[in-house]
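Below: one structure, written as structure tokens.
4 protein chains.
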Amino acid sequence: MLVPELRERVYKANMELPEHGLVKFTWGNVSAIDREKGLIAIKPSGVAYEKLSPENMVVTDLDGNIVEGDLNPSSDLPTHVELYKAFPEVGGIVHTHSTESVAWAQAGRDIPCYGTTHADTFYGAIPCARALTTEEINGEYEKETGKVIIEEFAKRGLDPLAVAGVTVRNHGPFAWGKDEKSAVYNAVVLEEAARMARYTEAINPTVAEVPQALKDKHYLRKHGKNAYYGQKK
Amino acid sequence: MLVPELRERVYKANMELPEHGLVKFTWGNVSAIDREKGLIAIKPSGVAYEKLSPENMVVTDLDGNIVEGDLNPSSDLPTHVELYKAFPEVGGIVHTHSTESVAWAQAGRDIPCYGTTHADTFYGAIPCARALTTEEINGEYEKETGKVIIEEFAKRGLDPLAVAGVTVRNHGPFAWGKDEKSAVYNAVVLEEAARMARYTEAINPTVAEVPQALKDKHYLRKHGKNAYYGQKK
Amino acid sequence: MLVPELRERVYKANMELPEHGLVKFTWGNVSAIDREKGLIAIKPSGVAYEKLSPENMVVTDLDGNIVEGDLNPSSDLPTHVELYKAFPEVGGIVHTHSTESVAWAQAGRDIPCYGTTHADTFYGAIPCARALTTEEINGEYEKETGKVIIEEFAKRGLDPLAVAGVTVRNHGPFAWGKDEKSAVYNAVVLEEAARMARYTEAINPTVAEVPQALKDKHYLRKHGKNAYYGQKK
Amino acid sequence: MLVPELRERVYKANMELPEHGLVKFTWGNVSAIDREKGLIAIKPSGVAYEKLSPENMVVTDLDGNIVEGDLNPSSDLPTHVELYKAFPEVGGIVHTHSTESVAWAQAGRDIPCYGTTHADTFYGAIPCARALTTEEINGEYEKETGKVIIEEFAKRGLDPLAVAGVTVRNHGPFAWGKDEKSAVYNAVVLEEAARMARYTEAINPTVAEVPQALKDKHYLRKHGKNAYYGQKK
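Chains as they are written, first to last, in full-length UniProt numbering: chain Z, 1 to 233; chain D, 1 to 233; chain L, 1 to 233; chain F, 1 to 233.
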């Protein structure tokens, strides 16, 4: 096999989704990329989690052509491909229909940064990318979904590793990271930040985002050269 | 036994309801029909899930007369019978009192199609059928429940396999499908779509349904001759 | 031992509370009464569920005096005693601080009958008994809690087996039944009806109770001489 | 080792946090203090719960200097240290990002005392301490967090064992107690009281706190020399 270690990592990351309560049935997928070899491994489409194995992950090139594997790749592959092309620092991507994140996507609102749980991982609000146009929906839908995300990040001038997630209007969340492991972590935090924000607004409908100083503090204590959370590596 | 394989399938489908968190106590039932033989298998009434077996499913004819079995069938059998008679494509039916779906039934509102999770399975809003009249309540109540559902679908011109579920006002959800397995799947999606819709309106009280183009896209990518989700059969 | 079978039943019923998710820590208790012998068995106070056994249940007389047992009975015993005295048909009582029921108690509102899940078990709204006065709080508090419940049922002319539960303002739910088993069942339904009612009002803030004909139908199909739900006994 | 028994207790208390559903990933920490020896044991920073052991707890002095241990202590240690210095009766401290408590912290509101579940443990509203200033955020952040809590308790004249918890604006909950075990208990109650208060306001947006007499009754039946809940020690 071409990339047995990549298959193994992607398999494991996919199996974490149901453990974290992020998926029902087959509604989620994780991919990772080997940038040197130009190969992506991704979950096959519509296969139950209990039937997944490192061997049935699908390996494609950066244009989404199957290089190794008998099954169809996740139908969201073209979205992953667009993101890998546009965001060269990204090594892993997660898509789910997790309940709380979908609710913000359906509501069409950014998830505001209301506290340090959010700020420790996402540097500011988690954007809700615009709805696709009818032309985009009827064209290469999954590819256009990726393009809409990229457009949103470009328009807002966001660093995709500082805000490593998004919801797409009417659809649901995508999260990513330097590898598939951090992508899953970020997907879990996105869901929890979404839940906390919903509760927060119920308790105080006129609440404001946290001050910029707090966003800076919490993001930078976990990221970058002055990070001091956790153990020295 | 007349239909051992049907009993087995209906037993298994019933056991999936508590696994998916759709029932408390005995508040749910699944049936399936063998159209060729004209026989329905359904859960017995008020029997705990841990005591169910393929053998104690109740087999009836299309008028609801017991053909094989010592126990009373689910008291909702007459609703199932009406639906099987009116919807010839339907092979399995589920009724539960799952929390989120019941909330919409009690609120007396259709569940709007706010996103692709809903649109992948249900082609448009999930209708809330009207309340029964006093006469209907005091008459053949469970049979009238079925008739009210059929009336609602006729009035709206809905295809029962495109919108394979409903809530009945003041009562709760019914879902169905080409077989008992897809009926259970649809009942799970109905519950999740109901939950997501409640959250969505809490976050954005003036949210609108998704555009028609998105409904078309998502429903048709999973259903019909141009479906491309999952593996080729 | 005086009533080994009663101890066993009460022990088992207490153990069902955490299984149904109705209690945290030691916040709940079940009792049952042997009317012929005039003896009550109840959970000991503040003992963890994993340390309960039939042997450490506390047996008291109808005035709440310990007849058998080394431990203090639940501090809520005087409430149970008042209810047993006032409601001679009642054989078992449950008190918990289950989340959804407490929320209605804290909100100071009856739980409206919004649907058949509620109506199958409770014949109409589940009352919220008034808050205790300062004198009652500073007097025999737990006994006065029982009296307030009895006063509420008398004032409203309610049959305690038709509406086999209540919430006490600022406090939480009590449920009961002909025996401890039905009392636990009713406590679970009370909690679920409370949850469904909260969701229902979120979806439709101006929703009304179900019509009387539906209350009659659902209550009477499960209770009384014309009941037809379940298996013939 | 200096304080093997303290390490053991702190380890066990940390392991209770995920069991009670209060933490995701590594987002929580418990410490305890041996007042005689002037030593604190606390969870190491960013270490997964399944890798914790009594041996990898970090032991520090009352200025937060590591006395024994190879790992970095929780980054929240300076908050714990401030609280131990200011509240001499406190023997254990818990910090989490539990969802419901965080929501009140993010909403910037005290958790009102709406019922006896709250009143049994917390003597009145659970305060939301003010947001840190930009100077405090950019200074010794975690130490300042402790100071803000202490300031809040001083300003309100609160007894830290009568109200053994707080939320810090935009951040989350801290709870404490005479030892680490009661601190965990209080953190669980804080979370449940927060959940109940959210639900209560959804059901009745104009609800008021319970009367003072009820606060007195419930707190004092479990605390102080006239307590009568539970078994005599």
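Note that beta-carbon positions come from the ideal geometry of N, C-alpha and C, so glycine has one too.
Close to chain D, meaning a Cβ-Cβ distance shorter than 9 Å, are the following residues of the region 7-29 of chain Z: K24, F25, T26, W27.
Put simply, the region 46-66 of chain L does not touch the region 185-205 of chain L. Fewer than three CB pairs are less than 8 Å apart.
By the criterion of a C-beta distance shorter than 6 Å, A86 (chain D) is surrounded in its chain by I150, once the five residues flanking it on both sides are discounted. A162 (chain Z) sits away from I137 (chain F), with the two beta carbons spaced by 7 Å or more. Within the region 160-184 of chain F, the complete beta strand (DSSP E) runs of at least 3 residues fall at 165-168, 173-177. Going by beta carbons, Y49 (chain F) and P18 (chain F) fall inside the 7 Å limit. A contact is defined here as three or more CB-CB pairs under 8 Å, and the region 161-175 of chain Z meets this definition with respect to the region 104-119 of chain Z. The closest CA to that of I93 (chain L), considering only L:L220, L:H118, L:P78, is found on L:P78.
Straight-line spacing of the CA atoms in L83 (chain Z) and T96 (chain L) works out to 51 Å. A distance of 7 Å or more separates the beta carbons of V81 (chain Z) and D34 (chain Z). Residue pairing by DSSP puts H95 (chain F) in a beta bridge opposite F:N29, F:F174. Around the beta carbon of A125 (chain D), 16 or more other beta carbons sit within 10 angstroms, so the residue counts as buried. For L17 (chain D), the enclosing alpha helix (DSSP H) has its first and last residue at 4-19. Excluding five sequence positions before and after E191 (chain F), the CB atoms of its chain that fall closer than 7 Å to its own CB belong to L22, S98, E100, S101, given in chain order. By alpha-carbon distance to G115 (chain D), the top candidate from D:K181, D:V189, D:R130 is D:V189. Contact annotation: V210 (chain L) and C113 (chain L) have beta-carbon atoms nearer than 7 Å. The Cβ of G115 (chain F) sits no closer than 7 Å to any Cβ of chain Z. Against chain L, the CB of V148 (chain F) has no partner CB under 7 Å away; the residue lies outside that interface.
Annotation: the continuous beta strand (DSSP E) that includes V67 (chain D) extends over 66-68. Closer than 7 Å to the CB of L52 (chain D) there is not a single CB belonging to chain L.
Excluding sequence positions up to five before and after Y229 (chain Z), its CB lies within less than 6 Å of the CB of R221, K222, all in the same chain and listed in chain order. Residues of the region 165-183 of chain Z whose Cβ lies closer than 7 Å to any Cβ of chain F: none. Exposed is the label assigned to G224 (chain Z), since fewer than 16 other Cβ atoms lie within 10 Å of its Cβ. Restricted to the region 187-231 of chain L, the alpha helix (DSSP H) segments that are unbroken, complete and at least 4 residues in length are 212-222, listed in chain order. Beta-bridge annotation (DSSP): C113 (chain L) is not paired with any residue.
Residues of the same chain with a CB within less than 8 Å of the CB of L71 (chain Z), apart from the 5 flanking positions on each side, are P44, S45, V47, N56, V58 in chain order. Cβ neighbours of A197 (chain D) within its own chain (closer than 8 Å, five residues either side excluded): W104, I111, P112, Y114, H118. Of the other Cβ atoms in all chains shown, fewer than 16 fall within 10 Å of the Cβ of K155 (chain Z); this residue is therefore exposed. G230 (chain F) has a beta carbon lying within less than 7 Å of a beta carbon in chain L.
Checking the DSSP bridge columns, you'll see P127 (chain D) has no partner listed. DSSP lists L:I40, L:I66 as the bridge partner or partners of T60 (chain L).
Buried is the label assigned to D120 (chain F), since at least 16 other Cβ atoms lie within 10 Å of its Cβ. Only buried fits G146 (chain D), as 16 or more other CB atoms lie within 10 angstroms of its CB. Between the alpha carbons of E68 (chain Z) and F25 (chain Z) lies a distance of about 25 Å. Closest option to E135 (chain D), judged by alpha-carbon separation, among L:K37, L:L6, L:L39, L:K217: L:K217.
Rounded to the nearest angstrom, the gap between the Cα atoms of L132 (chain D) and V166 (chain D) is 14 Å.
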